[in-house]
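A quick write-up on the structure given underneath.
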Amino acid sequence: MIWYVLLFFVLLMILYKANKNTKKVEVNTISLETPDKKDSISKLTVLHLSDIHLENISVSPAELYEQIRHDTIDIIALTGDFLDRKRSIPKLVPYLQVLQKINPTHGTFAVFGNHDYVLKGEHFDRLKETLESNGCRTLQNENVTIEIEGNLLNIIGIDDYSTNRSNLAQSFEGVKEGYNLVLTHDPNVVLEMDNFHFDYLLSGHFHGGQIHWPKPYHLKKMGKLVGMNMIKGLHYHKGKPFYISEGLGQTGVNIRIGSRPEITLHQLS
(Lines of atoms letter the chains of each structure in order from A and count residues from 1; the text may use other names and numbers.)
(Lines give C-alpha, C1' and ligand atoms only; values in the text may rest on other atoms or scores of the structure.)
Protein backbone atom coordinates (compact mmCIF):
# COMPACT_ATOMS: atom_id res chain seq x y z
CA MET A 1 0.00 0.00 0.00
CA ILE A 2 2.83 2.39 0.86
CA TRP A 3 4.21 2.03 -2.69
CA TYR A 4 0.94 3.24 -4.15
CA VAL A 5 1.02 6.26 -1.85
CA LEU A 6 4.61 7.04 -2.81
CA LEU A 7 3.81 6.62 -6.50
CA PHE A 8 0.83 8.96 -6.11
CA PHE A 9 2.99 11.67 -4.54
CA VAL A 10 5.70 11.24 -7.19
CA LEU A 11 3.13 11.65 -9.94
CA LEU A 12 1.67 14.64 -8.13
CA MET A 13 5.09 16.31 -7.95
CA ILE A 14 5.74 15.63 -11.64
CA LEU A 15 2.42 17.20 -12.61
CA TYR A 16 3.07 20.16 -10.33
CA LYS A 17 6.47 20.79 -11.94
CA ALA A 18 5.03 20.23 -15.41
CA ASN A 19 2.43 22.90 -14.74
CA LYS A 20 5.09 25.28 -13.39
CA ASN A 21 7.01 24.79 -16.63
CA THR A 22 4.15 26.45 -18.53
CA LYS A 23 5.03 29.71 -16.76
CA LYS A 24 8.76 29.57 -17.60
CA VAL A 25 8.86 31.38 -20.92
CA GLU A 26 12.00 31.18 -23.04
CA VAL A 27 12.83 34.19 -25.19
CA ASN A 28 14.94 32.89 -28.06
CA THR A 29 16.86 35.06 -30.51
CA ILE A 30 17.62 33.63 -33.94
CA SER A 31 20.06 35.44 -36.21
CA LEU A 32 19.77 34.45 -39.85
CA GLU A 33 21.93 35.76 -42.63
CA THR A 34 20.62 35.38 -46.16
CA PRO A 35 23.10 35.10 -49.05
CA ASP A 36 23.29 38.29 -51.10
CA LYS A 37 20.48 38.56 -53.59
CA LYS A 38 18.98 41.29 -55.68
CA ASP A 39 16.44 43.50 -53.90
CA SER A 40 17.06 41.87 -50.52
CA ILE A 41 16.36 43.55 -47.19
CA SER A 42 19.27 44.80 -45.10
CA LYS A 43 18.04 44.15 -41.55
CA LEU A 44 14.75 43.14 -39.99
CA THR A 45 13.62 42.06 -36.50
CA VAL A 46 10.54 39.83 -36.44
CA LEU A 47 8.72 38.97 -33.21
CA HIS A 48 7.21 35.51 -33.65
CA LEU A 49 4.41 34.10 -31.48
CA SER A 50 2.56 30.88 -32.17
CA ASP A 51 0.02 28.53 -30.60
CA ILE A 52 -1.30 30.92 -27.97
CA HIS A 53 -4.12 28.46 -27.12
CA LEU A 54 -6.09 30.76 -24.86
CA GLU A 55 -7.86 27.84 -23.19
CA ASN A 56 -4.53 26.67 -21.74
CA ILE A 57 -2.07 29.53 -21.35
CA SER A 58 -0.12 30.48 -18.25
CA VAL A 59 1.37 33.73 -19.57
CA SER A 60 -0.72 36.83 -18.90
CA PRO A 61 -0.82 39.82 -21.28
CA ALA A 62 1.17 41.85 -18.73
CA GLU A 63 3.84 39.14 -18.49
CA LEU A 64 4.04 38.97 -22.27
CA TYR A 65 4.54 42.72 -22.44
CA GLU A 66 7.34 42.62 -19.86
CA GLN A 67 9.18 40.04 -21.94
CA ILE A 68 9.13 42.04 -25.18
CA ARG A 69 8.75 45.72 -24.31
CA HIS A 70 12.46 46.54 -24.47
CA ASP A 71 12.92 45.30 -28.04
CA THR A 72 12.53 47.31 -31.22
CA ILE A 73 10.28 45.25 -33.47
CA ASP A 74 9.84 45.69 -37.21
CA ILE A 75 7.19 43.01 -37.77
CA ILE A 76 5.08 40.79 -35.55
CA ALA A 77 4.25 37.34 -36.97
CA LEU A 78 1.45 35.24 -35.44
CA THR A 79 1.35 31.69 -36.78
CA GLY A 80 -2.02 30.38 -35.69
CA ASP A 81 -3.89 28.37 -33.07
CA PHE A 82 -5.16 31.30 -31.05
CA LEU A 83 -8.09 29.35 -29.53
CA ASP A 84 -10.72 26.74 -30.26
CA ARG A 85 -13.72 27.95 -28.25
CA LYS A 86 -15.92 30.91 -29.16
CA ARG A 87 -16.07 31.97 -25.51
CA SER A 88 -12.29 32.55 -25.59
CA ILE A 89 -12.42 35.26 -28.26
CA PRO A 90 -12.74 38.19 -25.79
CA LYS A 91 -9.70 36.83 -23.93
CA LEU A 92 -7.62 37.39 -27.07
CA VAL A 93 -8.12 41.17 -27.06
CA PRO A 94 -5.73 42.06 -24.16
CA TYR A 95 -2.92 40.09 -25.86
CA LEU A 96 -3.53 41.91 -29.13
CA GLN A 97 -3.53 45.23 -27.27
CA VAL A 98 -0.08 44.36 -25.92
CA LEU A 99 1.14 43.80 -29.46
CA GLN A 100 -0.35 47.13 -30.54
CA LYS A 101 1.50 48.76 -27.65
CA ILE A 102 4.76 47.33 -29.00
CA ASN A 103 3.91 49.18 -32.23
CA PRO A 104 5.94 47.21 -34.80
CA THR A 105 7.34 49.40 -37.56
CA HIS A 106 5.75 47.51 -40.45
CA GLY A 107 2.75 45.90 -38.77
CA THR A 108 1.39 42.63 -37.38
CA PHE A 109 0.47 39.70 -39.62
CA ALA A 110 -1.42 36.53 -38.72
CA VAL A 111 -2.34 33.16 -40.18
CA PHE A 112 -4.76 30.59 -38.79
CA GLY A 113 -4.15 27.09 -37.45
CA ASN A 114 -6.17 23.90 -37.18
CA HIS A 115 -7.59 24.78 -33.76
CA ASP A 116 -8.87 28.14 -35.03
CA TYR A 117 -10.86 26.30 -37.67
CA VAL A 118 -12.76 24.40 -34.98
CA LEU A 119 -14.79 27.61 -34.98
CA LYS A 120 -17.33 27.69 -37.77
CA GLY A 121 -19.26 30.34 -39.65
CA GLU A 122 -19.98 33.49 -37.69
CA HIS A 123 -17.74 32.43 -34.82
CA PHE A 124 -14.68 32.09 -37.05
CA ASP A 125 -15.63 35.40 -38.69
CA ARG A 126 -15.71 36.96 -35.23
CA LEU A 127 -12.21 35.66 -34.49
CA LYS A 128 -10.92 37.08 -37.76
CA GLU A 129 -12.65 40.43 -37.16
CA THR A 130 -11.19 40.58 -33.64
CA LEU A 131 -7.69 40.17 -35.05
CA GLU A 132 -8.27 42.70 -37.83
CA SER A 133 -9.84 45.33 -35.56
CA ASN A 134 -6.90 45.06 -33.16
CA GLY A 135 -4.14 45.78 -35.63
CA CYS A 136 -3.52 42.41 -37.34
CA ARG A 137 -3.52 41.76 -41.06
CA THR A 138 -4.80 38.21 -41.53
CA LEU A 139 -3.53 36.19 -44.49
CA GLN A 140 -5.35 33.16 -45.89
CA ASN A 141 -3.43 31.96 -48.94
CA GLU A 142 -2.50 35.52 -49.84
CA ASN A 143 0.42 37.90 -49.63
CA VAL A 144 1.29 41.50 -48.99
CA THR A 145 4.35 43.48 -50.10
CA ILE A 146 6.14 46.10 -48.00
CA GLU A 147 8.82 48.42 -49.30
CA ILE A 148 11.73 48.81 -46.87
CA GLU A 149 14.52 51.21 -47.78
CA GLY A 150 13.79 50.74 -51.47
CA ASN A 151 13.68 46.92 -51.29
CA LEU A 152 10.65 44.65 -51.25
CA LEU A 153 9.57 42.33 -48.44
CA ASN A 154 6.88 39.84 -49.42
CA ILE A 155 4.93 38.46 -46.47
CA ILE A 156 3.22 35.29 -47.69
CA GLY A 157 0.53 33.70 -45.55
CA ILE A 158 -0.15 30.04 -46.35
CA ASP A 159 -3.34 28.71 -44.78
CA ASP A 160 -3.32 25.65 -42.53
CA TYR A 161 -1.80 22.57 -44.14
CA SER A 162 -3.06 20.05 -41.58
CA THR A 163 -6.71 20.84 -42.43
CA ASN A 164 -6.07 20.85 -46.20
CA ARG A 165 -6.55 24.60 -46.54
CA SER A 166 -3.13 25.38 -48.04
CA ASN A 167 -3.03 26.70 -51.60
CA LEU A 168 0.56 27.43 -52.58
CA ALA A 169 -0.17 28.84 -56.03
CA GLN A 170 -2.74 31.23 -54.62
CA SER A 171 -0.47 32.23 -51.73
CA PHE A 172 2.36 33.19 -54.09
CA GLU A 173 0.18 34.76 -56.77
CA GLY A 174 1.57 38.12 -57.90
CA VAL A 175 4.64 37.97 -55.64
CA LYS A 176 7.37 40.28 -56.94
CA GLU A 177 11.14 39.89 -56.75
CA GLY A 178 12.18 40.50 -53.16
CA TYR A 179 12.65 38.82 -49.78
CA ASN A 180 9.99 36.13 -49.24
CA LEU A 181 8.95 35.67 -45.61
CA VAL A 182 6.37 32.90 -45.28
CA LEU A 183 3.99 32.56 -42.33
CA THR A 184 2.10 29.30 -41.86
CA HIS A 185 0.91 27.12 -39.00
CA ASP A 186 1.87 23.55 -39.91
CA PRO A 187 5.52 23.37 -41.06
CA ASN A 188 4.94 20.13 -42.98
CA VAL A 189 4.00 22.30 -45.94
CA VAL A 190 7.70 22.99 -46.60
CA LEU A 191 8.02 19.47 -48.01
CA GLU A 192 5.75 20.51 -50.89
CA MET A 193 7.38 23.88 -51.61
CA ASP A 194 10.23 22.89 -53.94
CA ASN A 195 8.74 25.04 -56.70
CA PHE A 196 7.89 27.99 -54.45
CA HIS A 197 10.79 30.13 -53.29
CA PHE A 198 11.03 31.43 -49.76
CA ASP A 199 13.91 32.99 -47.87
CA TYR A 200 12.55 32.13 -44.43
CA LEU A 201 9.44 30.36 -43.12
CA LEU A 202 7.91 30.71 -39.65
CA SER A 203 5.53 28.13 -38.18
CA GLY A 204 4.41 26.34 -35.01
CA HIS A 205 1.92 23.48 -34.50
CA PHE A 206 4.04 20.91 -32.62
CA HIS A 207 4.52 22.76 -29.28
CA GLY A 208 8.01 21.28 -29.15
CA GLY A 209 6.24 18.06 -28.24
CA GLN A 210 4.75 19.74 -25.14
CA ILE A 211 5.42 16.45 -23.35
CA HIS A 212 8.82 15.70 -24.82
CA TRP A 213 9.91 12.86 -22.57
CA PRO A 214 11.37 10.43 -23.23
CA LYS A 215 10.37 11.19 -26.83
CA PRO A 216 7.28 12.87 -28.30
CA TYR A 217 5.77 9.65 -29.62
CA HIS A 218 2.31 11.24 -29.63
CA LEU A 219 3.36 13.48 -32.55
CA LYS A 220 3.86 10.54 -34.89
CA LYS A 221 0.63 11.18 -36.80
CA MET A 222 1.34 14.88 -37.26
CA GLY A 223 3.29 14.63 -40.49
CA LYS A 224 6.57 13.61 -42.06
CA LEU A 225 8.68 16.26 -40.30
CA VAL A 226 8.19 14.44 -37.00
CA GLY A 227 9.84 11.34 -38.44
CA MET A 228 12.68 13.57 -39.61
CA ASN A 229 13.15 14.81 -36.02
CA MET A 230 12.11 18.35 -36.98
CA ILE A 231 9.63 19.47 -34.33
CA LYS A 232 11.13 22.68 -32.94
CA GLY A 233 13.76 25.28 -33.64
CA LEU A 234 15.65 26.17 -36.82
CA HIS A 235 15.83 23.62 -39.63
CA TYR A 236 16.63 23.48 -43.33
CA HIS A 237 14.92 21.66 -46.17
CA LYS A 238 16.90 21.57 -49.41
CA GLY A 239 18.88 24.56 -48.23
CA LYS A 240 15.88 26.68 -47.26
CA PRO A 241 15.56 27.73 -43.61
CA PHE A 242 12.38 27.37 -41.57
CA TYR A 243 11.60 27.78 -37.89
CA ILE A 244 9.17 25.82 -35.70
CA SER A 245 8.09 27.65 -32.55
CA GLU A 246 7.31 25.72 -29.36
CA GLY A 247 4.30 27.99 -28.90
CA LEU A 248 3.18 30.19 -26.04
CA GLY A 249 0.25 28.12 -24.76
CA GLN A 250 -0.65 24.47 -24.42
CA THR A 251 -3.38 22.18 -25.68
CA GLY A 252 -5.20 19.33 -23.97
CA VAL A 253 -3.70 19.79 -20.52
CA ASN A 254 -1.80 22.74 -19.13
CA ILE A 255 1.54 20.99 -18.63
CA ARG A 256 4.95 20.86 -20.32
CA ILE A 257 7.70 18.31 -19.85
CA GLY A 258 10.91 18.78 -21.83
CA SER A 259 9.56 21.90 -23.51
CA ARG A 260 8.90 25.55 -22.66
CA PRO A 261 6.58 28.30 -23.83
CA GLU A 262 8.45 30.33 -26.43
CA ILE A 263 8.76 33.89 -27.64
CA THR A 264 11.10 34.23 -30.60
CA LEU A 265 12.96 37.20 -32.03
CA HIS A 266 14.23 36.59 -35.54
CA GLN A 267 16.99 38.96 -36.66
CA LEU A 268 17.18 38.75 -40.43
CA SER A 269 20.04 40.32 -42.34
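Numbering-wise (this note's numbering), the sequence shown opens with residue 8 and increments by one.
Ideal Cβ placement from N, Cα and C applies to all residues, glycine included.
Contact set for N261: own chain, Cβ-Cβ below 7 Å, skip 5 residues either direction: Close CB contacts of N261 within its chain, under the 7 Å cut and outside five residues either way in sequence, are with N26, T29, N63, S65 (chain order).
Exposure of L190, with buried meaning 16 or more beta-carbon neighbours within 10 Å: Flag for L190 reads buried.
Close beta carbons around P221, own chain, < 8 Å, minus the five adjacent residues each side: Here the set comprises nothing.
Cβ pair count under 8 Å reaching 3, the stretch 138-145 against the stretch 153-160: Too few Cβ pairs lie closer than 8 Å, so no.
Distance between L275 and L51 (C-alpha atoms, nearest Å): If you draw a straight line from the Cα of L51 to the Cα of L275, it is about 5 Å long.
Range covered by the beta strand (DSSP E) that runs through S210: DSSP places S210 inside the beta strand (DSSP E), whose first and last residues are 207-210.
Spatial neighbours of S85 in its chain, beta-carbon cut-off 6 Å, leaving aside the 5 residues before and after: One point to set straight first is that residue 85 is Leu, not Ser, in the sequence displayed. Excluding sequence neighbours, L85 sits near L56, A117.
Host alpha helix (DSSP H) of T137 (start-end): Counting along the chain, the alpha helix (DSSP H) containing T137 begins and ends at 128-140.
Assigned secondary structure, H244 (DSSP; H/G/I helix, E/B strand, else coil): In the structure shown, H244 sits in a strand (DSSP, three-state: E or B).
Alpha-carbon spacing of R267 relative to I37, whole angstroms: Straight-line Cα distance between these residues: approximately 16 Å.
Boundaries (first-last residue) of the alpha helix (DSSP H) holding Y186: In the DSSP assignment, Y186 falls outside any alpha helix (DSSP H) and within the unbroken beta strand (DSSP E) covering 186-190.
For G164, the three-state DSSP class (helix, strand or coil): If DSSP states are grouped into helix, strand and coil, G164 belongs with the strands.
Beta-carbon contacts of G230 that lie in its chain and below 6 Å, excluding the five residues immediately before and after: Closer than 6 Å at the Cβ level, and outside the excluded window around G230, lie N195.
Any 3 or more C-beta pairs closer than 8 Å across the stretch 103-112 and the stretch 73-92: Below 8 Å, enough C-beta pairs join the stretch 103-112 and the stretch 73-92 to call them touching: three or more.
C-alpha distance - I67 paired with L126, whole-angstrom precision: For the sequence presented, residue 67 should be read as Ser rather than Ile. The straight-line gap from Cα to Cα measures roughly 23 Å.
DSSP three-state assignment for R92, whether helix, strand or coil: The answer is coil: DSSP assigns R92 none of H, G, I, E or B.
Same chain, Cβ closer than 6 Å to T112, neighbours up to 5 away in sequence not counted: Residues of the same chain with a CB within less than 6 Å of the CB of T112, apart from the 5 flanking positions on each side, are D81 in chain order.
Rounded Cβ spacing between G234 and L61 (contact assumed at less than 8 Å): By a beta-carbon distance limit of 8 Å, G234 does not contact L61. Their separation comes to about 30 Å.
7 Å CB neighbourhood of L226 in its chain, flanking five on each side removed: Contacts found: F213, G216, V233, I238.
Closest by C-alpha distance to N161, when choosing among N171, L175, F179, G128: Considering only alpha carbons, the answer is F179.
E33 burial status per 10 Å Cβ neighbour count (16 or more: buried): Per the 10 Å Cβ criterion, exposed.
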